[in-house]
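Numbering that gives the first Met the number 0 applies: residue 0 is where the sequence shown begins, and numbers increase by one. Each residue gets a CB set at the ideal place from its N, CA and C atoms; glycine is no exception. From a predicted model like this one, the values you see are computed outputs, not experimental measurements.
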Amino acid sequence: MSAQPMLHAPLVLVTGGKGGVGKTTLAASLAVQLRAQGLRTLLCDLDLGLANLHVLLGIEPLHTIEQALADECALSDCIVPGQGGIDVLVGSNGSAAMAQLSPDMRARLLEQLAQVSTGYDVVVGDSAAGIGPDVLAFGALARMVLVVTTPDPSAAADAYGLVKALVAESGARGLDLPTPELVLNQVSGAREAELSAARLAQVCQRFLTRSPRLAGWVPRAPRIAEAARRRVPFALAGGPAGSGSGERECVQRLARRVVLGLGMESVSSAAVGNRAQDWSLS
Ligand SMILES: Nc1ncnc2c1ncn2[C@@H]1O[C@H](COP(=O)(O)OP(=O)(O)O)[C@@H](O)[C@H]1O
Ligand SMILES: [Mg+2]
0 MSAQPMLHAP
10 LVLVTGGKGG
20 VGKTTLAASL
30 AVQLRAQGLR
40 TLLCDLDLGL
50 ANLHVLLGIE
60 PLHTIEQALA
70 DECALSDCIV
80 PGQGGIDVLV
90 GSNGSAAMAQ
100 LSPDMRARLL
110 EQLAQVSTGY
120 DVVVGDSAAG
130 IGPDVLAFGA
140 LARMVLVVTT
150 PDPSAAADAY
160 GLVKALVAES
170 GARGLDLPTP
180 ELVLNQVSGA
190 REAELSAARL
200 AQVCQRFLTR
210 SPRLAGWVPR
220 APRIAEAARR
230 RVPFALAGGP
240 AGSGSGEREC
250 VQRLARRVVL
260 GLGMESVSSA
270 AVGNRAQDWS
280 LS
């Protein structure tokens, strides 16, 4: 087992077994909401081979993680200001080498990530789908892992497979990592989210003796796809105020759960007190 580099800020890894379930969409809006709750937030594109977070955020990157790993720039050069006051660490798209990092390269990336995490309260990672070695390594580094799935049975099956692989990796590294938590995306409402999560948790309890909790849910909403087309995180795109089921309220609730799960309530409220003038708080 290689020594784990320590990030200066807790990593929240937004991952999922399947592509297209909404990992990138939710990671971006979660980061914006954590920032709105007063936390200095770094959003990292950890989908190393097929990075597309910058596309969703309308960022034209000058440098990418791939260049940093090739020593063409520092990893800090790949950080650019994003919407809503977050900082974004940009990855590169279409690089087969990045999609299959060697253990040495991965170790270097993790070390550099640890360095750039200084100065942030929280790091949100947008992960690739699946159970590849990068996903498992980032999962082992994370303080909180959010497994995104839709109610679709094949997405749920892949979410189970990912939880299983993350639990096995944690055991293999001799770490006692917290059980990953679920985020149900593209649901019709709270009931569908709770039923789908309960079904998944039951299977996990039976076969893994772990019961992932439901960290949050987000409805299927045309406004989310529309915001993506306009390259705006949906958390900044508005929604039906006060309805309690709007996508924006949902991601606010998810951010509150993350703050709680990280044990950062006091950091968050102190930061909100200090920075309330700077950022609109909803
Ligand atoms: N809750 C939602 N409602 C409607 N469309 C969504 C929702 N979540 C994600 N999408 C859309 O689904 C597509 C895939 O989302 P993305 O975040 O790129 O998935 P992933 O990162 O898991 O591959 C995007 O077009 C996105 O706008
Ligand atoms: Mg993605």
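Among Q204, T149, A192 and A196, which one has its Cα closest to the Cα of V166? Q204
Give the straight-line distance between the Cα atoms of P4 and D44, rounded to the nearest whole angstrom. 18 Å
Is it true that the CB of L41 sits closer than 8 Å to the CB of Q82? no
Residues near Y159 by beta carbon distance below 7 Å, same chain, minus five either side: L199, V202 and C203
Under a three-way DSSP split, which group does D294 fall into? As displayed, the chain neither begins before 0 nor continues past 281, which places residue 294 out of reach and without an answer.
Residues of its chain near L135, where Cβ-Cβ distance is below 8 Å and the 5 sequence neighbours each way are ignored: A164, L165 and E168
For N92, verify whether its CB is less than 7 Å away from any heavy atom of ligand 2. no
Helix, strand or coil at E180 [DSSP, three-state]: strand
Please confirm whether L176 and W216 have their CB atoms less than 8 Å apart. no
Assumed close pair L213, E193 - CB separation to whole angstroms, cut-off 8 Å: 6 Å
Residue ranges of each alpha helix (DSSP H) run of no fewer than 4 residues wholly in the segment 95 to 159, ordered along the chain? 95 to 98, 102 to 115 and 132 to 140
Who are the near neighbours of M219 in its chain, counting only those whose CB is closer than 6 Å to its CB and skipping five residues on each side? For the sequence presented, residue 219 should be read as Arg rather than Met. Correct list, in chain order: Q185.
Within this structure, are the beta carbons of V11 and L145 separated by less than 8 Å? yes
Answer with buried or exposed for D86, where buried requires no fewer than 16 other C-beta atoms within 10 angstroms of its C-beta. buried
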